[in-house]
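Asker: Residues -18 to 51 (this note's numbering) are what the sequence shown spells out, left to right.
This structure is in structure tokens; I'll ask about it shortly.
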Amino acid sequence: MDVAVIETDAVSTRFDQAEESGLCPECGATMNEIDRLREGPWTFIWLGCARADCSGQWLQKKPCSDFGRP
-18 MDVAVIETDA VSTRFDQAEE SGLCPECGAT MNEIDRLREG PWTFIWLGCA RADCSGQWLQ
42 KKPCSDFGRP
């Protein structure tokens, strides 16, 4: 298998974990919600790594209806 494909698969897996389970894409630790913004039909949630020595961050974009709002 090509090395570039393996590296791409590893990065994709880290991003999938961050999106689905709230784990840091950098170190795998738990992410904490830092900020939330509602804009039109979307809610943007900014997450940051709970570890003090990690700068991992993640932004989620979800429809407002996911949070029980019309």
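Every residue gets a Cβ at the ideal spot worked out from N, C-alpha and C, and that includes glycine.
Per DSSP, what kind of secondary structure is D34 in: helix, strand or coil?
Answerer: The sequence position of residue 34 within the sequence shown is 53, counting from 1. Three-state DSSP puts D34 in coil, outside helix and strand.
Asker: Check each candidate in P44, S46 and Q38 and name the one with the smallest Cα separation from L4.
Answerer: Working through the sequence shown from its first residue, we reach residue 4 at position 23. When each option's Cα is compared against that of L4, the closest is Q38.
Asker: By DSSP, does E20 sit in helix, in strand, or in coil?
Answerer: Residue mapping note: residue 20 aligns to position 39 of the sequence shown, counting from 1. Three-state result, E20: strand.
Asker: Which of the three DSSP states, helix, strand or coil, is assigned to E64?
Answerer: Here the chain covers residues -18 to 51 and nothing more, so residue 64 does not appear.
Asker: Taking DSSP's pairing of strands, which residues face I26 in a bridge?
Answerer: In the sequence shown, residue 26 corresponds to position 45, counting from 1. Beta-bridge pairing links I26 to R17 and Q41.
Asker: Closer than 7 Å by C-beta to R(-5): which residues in its own chain qualify, once you throw out the five before and the five after it? Chain order, please.
Answerer: Position 14 of the sequence shown, counted from the start, is the residue given in the question as residue -5. P6.
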